[in-house]
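Asks: So that we are looking at the same thing, I have put the structure below in structure tokens.
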Amino acid sequence: MNDIYKRILDVQGIICEFGVLWGNNLALFESLRGIYEPYNYMRKIVGFDTFEGFPHVNEKDGKAEIVAKGSYSVTKEYENYLGEILNYHERQSPISHIKKYDLIKGDATKTIKRYLDENPETIISFAYFDFDLYEPTKICLEAILPHLSKGAIIAFDELLDHAFPGETLAFDEVLGINKYRIHRDSHNSQPSYIIYE
Ligand SMILES: C[S@@+](CC[C@H](N)C(=O)[O-])C[C@H]1O[C@@H](n2cnc3c(N)ncnc32)[C@H](O)[C@@H]1O
């Protein structure tokens with residue numbers, strides 16, 4: 178994440194995480210913003226999640242036991258507690274009077290359109306896909322494409338993951354496996370990313 182974050186420092190745009198769970202990445206992004214660009218109040222961090230686990234799965238998502246409605250649910254009203262954590266992180270950096278994160282609760286196949294309709298000025302510099310699933314990945318990828326700056330990073334947690342084939346299928350259908358160099362970090366087997374050009 179540190180290496181990816183450094184790559185977007187000179188790219189205008191917000192950060193979106195698709196699939197938040199307990200919010201460890203959102204808190205990490207806030208810390209990285211505080212370290213590398215504490216005065217960049219444009220670098221909003223937006224997380225999309227039901228906070229109730231997978232709302233539905235698709236036949237393209239395979240047959241692993243974890244691929245089921247309700248998997249990865251969190252505790253009731255966890256998003257409120259996560260908000261407190263993110264507020265605390267913001268208070269540790271300058272310009273803390275400007276709220277620079279958003280938690281968008283609900284099925285992202287629907288909330289992404291609403292978010293972009295309500296925020297048509299959105300430019301995205303870094304999108305982190307961690308839904309694990311075909312349908313929300315495909316719909317959100319398609320929705321954000323017109324909002325991506327060239328040089329933006331689109332990262333995925335489950336590309337090539339046999340337990341969650343849907344994420345790779347969505348990536349292939351929307352962007353094309355052989356159209357991009359798919360980067361990875363030599364120390365971490367999971368996240369991979371493309372630079373959108
Ligand atoms: C593997 S977890 C995310 C992990 C998190 N990024 C982390 O690093 O800890 C997958 C998340 O995607 C969310 N999710 C899956 N499908 C969704 C959908 N259609 N709309 C909103 N959230 C969804 C689940 O609720 C779950 O929290």
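Residue numbers (my numbering): 178 to 374.
Glycine is no exception: its CB is placed at the ideal position from the N, C-alpha and C atoms.
#1: Using the Cβ count rule (16 or more neighbours within 10 Å means buried), how would you classify Lys-315?
#2: Using only the alpha-carbon positions, how far apart do Val-251 and Val-188 sit?
#3: If you run the structure through DSSP and keep just helix, strand and coil, what is Ala-241?
#4: When you compare each of Pro-313, Ala-285, Cys-193, Asn-202 to Asp-279 by their alpha carbons, which one comes out closest?
#5: So, for Tyr-249: in the same chain, excluding its five sequence neighbours on each side, which residues have a beta-carbon less than 7 Å away from its beta-carbon?
#6: Would Ala-340 pass as a contact of Ala-245 if the rule is Cβ separation under 8 Å?
#7: What runs of the alpha helix (DSSP H), each 4 residues or longer, lie entirely inside the stretch 310 to 346?
#8: Would you call Leu-318 buried or exposed, if buried means 16 or more other Cβ atoms sit within 10 Å of its Cβ?
#9: Using a threshold of 8 Å, state whether the C-beta atoms of Ile-371 and Arg-361 are closer than that.
#10: Compute the minimum distance between the beta carbon of Tyr-249 and the heavy atoms of ligand 1, and state whether it is under 7 Å.
#11: Can you name the start and end residues of the alpha helix (DSSP H) that Arg-268 belongs to?
Replies: A quick look at the data gives this:
#1: The residue is buried, with at least 16 neighbouring Cβ atoms inside 10 Å.
#2: Rounded to whole angstroms, Val-251 to Val-188 spans 33 Å at the Cα level.
#3: If DSSP states are grouped into helix, strand and coil, Ala-241 belongs with coil.
#4: Of the candidates Pro-313, Ala-285, Cys-193, Asn-202, the one whose C-alpha sits nearest the C-alpha of Asp-279 is Cys-193.
#5: Excluding sequence neighbours, Tyr-249 sits near Leu-198, Gly-230, Phe-231.
#6: No, they are not a contact pair.
#7: If one requires a minimum length of 4 residues, the alpha helix (DSSP H) runs lying completely within the stretch 310 to 346 are 311 to 321, in chain order.
#8: Burial check for Leu-318: the Cβ neighbour count within 10 Å reaches 16 or more, so the residue is buried.
#9: Going by C-beta atoms, Ile-371 is not nearer than 8 Å to Arg-361.
#10: Correct: Tyr-249 has its Cβ closer than 7 Å to ligand 1.
#11: Boundaries of the alpha helix (DSSP H) harbouring Arg-268: 255 to 268, taken from the DSSP string.
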